[in-house]
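Engineer: Residue numbers 369 to 1024, in the numbering used here, belong to the letters of the sequence shown in order. Note that the Cβ used here is the ideal one computed from N, Cα and C, for glycine as well.
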Amino acid sequence: MLRGGQLAGMELPWHPTCPVPRLRWLLLWSLVLAWPGEGSQRSEPMFTAVTDRILPPDYDSNPTQLNYGVAVTDVDQDGDFEIVVAGYNGPNLVLKYDKVRGRLVNLAVNERSSPYYALRDRQGNAIGVTACDIDGDGREEIYFLNTNNAFSGVATYTDKLFKFRSGRWEDILSDEVNRGVASRFAGRSVACVDRTGSGRYAIYIANYANGRVGPHALIEMDTAASDPERGIVALNDVAAEAGVNKFTGGRGVVVGPILSEAASDIFCDNENGANFLFQNQGDGTFIDVAPSTGLDDPYQHGRGVAVADFNRDGKVDIIYGNWNGPHRLYLQMTAGGRTRFRDIATPKLSMPSPVRTVIAADFDNDQELEVFFNNIAYRGSSANRLFRVTRREHADPAIEELNPGDATEPEGRGTGGAVVDFDGDGRLDLILSHGESMAQPLSVFKVNEGAGNNWLRVIPRTRFGAFARGAKVVLFTRYSGAHLRIIDGGSGYLCEMEPVAHFGLGQDEPSSLEVTWPDGKFVSRAVVNTETNSVLEIPYPQDTPGSSPVMLPLECGQGFSQHENGRCVDMDECAEFPFVCPRGRPVCINTYGGYRCRSNKRCSRGFEPNEDGTACVAQVAFFGGYPSSGSWLGPILPSTPLLPLCLGLCFHSYAL
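1) From N460 to S429, what does the alpha carbon distance come to, in whole angstroms?
2) Take R536 and list the residues in its own chain whose beta-carbon comes closer than 6 Å to its own, dropping the five residues that flank it on each side.
3) Given a cut-off of 9 Å, decide if C984 and C971 are closer than it, judged by their beta-carbon atoms.
4) How many Å lie between Y334 and E768 at the Cα?
5) Buried or exposed for M701, going by 16 or more other Cβ atoms inside 10 Å?
6) What separation, rounded to the nearest whole angstrom, lies between the Cα atoms of R392 and F415?
7) In the structure shown, what three-state DSSP assignment does L472 receive?
8) Quick one: give me the first and last residue of the beta strand (DSSP E) that Y746 is part of.
9) Do you know how far the Cα of R421 is from the Cα of L434?
10) Keeping to the same chain, check which residues put their C-beta closer than 6 Å to that of I712; ignore five residues upstream and five downstream.
11) Between the alpha carbons of R568 and G437, how many angstroms are there, rounded?
12) In terms of residues, what are the limits of the alpha helix (DSSP H) holding A943?
13) Please return the same chain residues whose Cβ sits closer than 7 Å to the Cβ of C924, not counting the five positions on each side in sequence.
14) Kindly examine the ligand ATP and report whether one of its heavy atoms sits closer than 8 Å to the Cβ of E597.
15) Check whether the stretch 496 to 508 touches the stretch 446 to 463, counting contact only when three or more Cβ pairs, one atom from each stretch, lie closer than 8 Å.
16) Do P867 and T441 have their beta-carbon atoms positioned less than 9 Å apart in this structure?
17) Is the separation between the beta-carbon of E776 and that of S801 shorter than 9 Å?
18) Using the Cα positions of E509 and L862, report the straight-line distance between them to the nearest angstrom.
19) Could you pull the start and end residues of the beta strand (DSSP E) that I686 belongs to?
20) Taking the straight line between their C-alpha atoms, what separation do you get for G803 and R781?
21) Below 8 Å on the Cβ atoms is my guess for A554 versus I573; work out the distance and round it to an integer in Å.
22) Are the beta-carbon atoms of F871 and Q735 separated by less than 9 Å?
23) Does the stretch 621 to 635 come close enough to the stretch 816 to 829 to have 3 or more Cβ pairs within less than 8 Å?
24) By a C-beta neighbour count over all protein chains shown, 10 Å radius and 16 as the cutoff for buried, is R490 buried or exposed?
25) Taking C-alpha atoms, which residue in R671, D466 and P625 lies nearest to G641?
26) Is it true that the stretch 825 to 833 meets the stretch 614 to 629, where meeting means three or more beta-carbon pairs spaced less than 8 Å apart?
27) Rounded to whole angstroms, what's the CA-CA distance from S893 to Q808? Just pull it up for me.
28) Counting Cβ pairs closer than 8 Å, one from the stretch 718 to 726 and one from the stretch 746 to 763, do we hit at least three?
29) Which residue marks the beginning of the alpha helix (DSSP H) containing P659, and which one marks its end?
30) If you check the beta carbons only, do L663 and I686 fall under 9 Å apart?
31) Just verifying my parser: in three-state terms, what is the DSSP assignment at T515?
32) Suppose the cutoff is 6 Å on Cβ atoms and the five residues either side in sequence are ignored; what does the same chain contact list for A751 look like?
33) Excluding the 5 residues preceding and the 5 following R507 in the sequence, name in chain order all residues of the same chain whose CB lies nearer than 7 Å to its CB.
34) What are the residues that DSSP puts in a beta bridge with F731?
35) Pick helix, strand or coil for D539, following the three-state DSSP scheme.
36) Just to confirm the assignment, what range does the alpha helix (DSSP H) spanning S718 have?
So this is what it looks like as structure tokens:
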């Protein structure tokens, strides 16, 4: 067994010589910490550790071992979620909340008679894990990515894809029909994507290539060669057909309708190479549009990633962490028919760290999203960090650093994490895994804040009854507009969150919701007051021959109205109320859920008036760039063409 810095074939890191003296770096970060205009960490602690009560370290349920990825699914089909943990030098774990005892207990016990025994896979060095329904039987399969004895290239042990068959969990990659498909490549993250909208998912595998060995893979069921009712599931790697068989240092993966209205796109942040943004062409094939949208970030080394609508404009934004490089918060924007992503990360949020998992969620149910950066104590302490991203009218979101409380874990060897409401109290719980350089048990945290806030949880289902990962859920409220969530098919880093659209409401009230599946089907329905603080299951819409759907009236909330197709859409106040703006600012510009007024200032091509109409500023989507966290160093340090590369290389060293 490899240990410490030799984990998975890891060599001692190389530190290049950089044209930035150490004293200047110290001055730089002192300026970062004193940067004006950002919230400081004065809030009450967000998290309290409950590990000793909920999951005390022991041999069976919380062994002190090297753990990595964490995924959430319903393993035993009882309607409650289980937490699946990838064990690297020990068994994989399947943690279920025992309501009577008030504890998480491991279902995958060391007994061969147990139906969960195979999930332990004691021989595998598992790091990535994901779950989804690949064969359309309504039950999610579980994929573990193993990296035995390899940092990159070829590993000595295959990945595992477990299906519940014949009353127990079995690895179908070891079936004779799939012997040529089982991956022996060392990879990192795995995620689920319904690329054609069929309701059957493919497993996207971010392999870590060694030269031209180990491209990204995409494994899905061959329907013509399979007979799921008899337990026969034949698999194919369709990465080349789909256009995603790239060679790179694959790291983080996230899936959802990022650019598409409904179809699932794929974003990969990579190491030693540019990121990928694979846009679904509508037929299950993809093209990489990361360079044209400003997401390639070629000089950094990505890790954890999440998607969310941070400014509530109806577009999906992306946040990710770079290993000891500037972290990114990209807002999606469109101008002149072109889509670009603009980095709005503040100096504090972007401050480099040895980051692993990144989670975006509303922990305190106040309607605003928090971002949790899970770091690994690498060459010294490295505390986890928490930020609140607050929507502002006609401006970029405000970013405020919060106090993580017990979840700070400055000496934690963070390797993974997930959110799940395992006890059903309507507040998200946080579970963190540790490992790599030191064996540590799992940690469990409860949220302190927001006990009096309202919430709503929405679980869409596929046509087969499984969790509809990659579906989009929009909740319309009476006072705060529309809130968007994507059902997670893999995110964080090596991880997968619960398959739930979790909405914190604060003191607001829900009015209606809309679910859009990857095939474009949608359901709009009202939400009544009695459904606040509850879980709503949304079945896939079934076509009834000879009948037309009945459109029921919906209350869409402020800034939205019901379209003739039954959906809530943005109201164009500028068209409906031509004289809504005052004389001093007569130009009305429609926005998502509202409008804004500006003066009638004329600008040259490629420029547009600023917010108050007093000056012309560059159109970001026209010029393809924007001063961001990656460039805020410019005024402080001497600028050289090598600076972006140096930032990545000075901080970069390899880690799983």
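Structural biologist: Reading it off the structure:
1) 10 Å
2) P483
3) yes
4) Nothing can be reported for residue 334, as the shown portion of the chain is limited to 369 through 1024.
5) buried
6) Bear in mind that a pLDDT of 48 at R392, under 50, signals an unreliable position, so the number given afterwards is only what the model happens to contain. Roughly 35 Å between the two C-alpha positions.
7) strand
8) Segment: none, Y746 is in no beta strand (DSSP E) and carries neither H nor E.
9) 21 Å
10) L697, L699 and D764
11) 23 Å
12) E941 to E944
13) F844, S879, S880, Q930 and C936
14) Only the bare structure without any ligand can be found here, which leaves the ligand ATP out of the picture.
15) yes
16) yes
17) For the record, residue 776 in the displayed sequence is Thr; it is not Glu. Going by C-beta atoms, T776 is not nearer than 9 Å to S801.
18) 16 Å
19) D685 to N690
20) 5 Å
21) Not really, about 11 Å apart at Cβ, beyond 8 Å.
22) yes
23) no
24) exposed
25) R671
26) no
27) This sequence places Arg at residue 893; Ser is not what is there. Their backbone Cα atoms lie some 46 Å apart in a straight line.
28) yes
29) A658 to T661
30) yes
31) coil
32) T776 and P778
33) Q445, D501, F532 and A834
34) According to DSSP, which records beta bridges pairwise, F731 is partnered with nothing at all.
35) strand
36) P715 to S718
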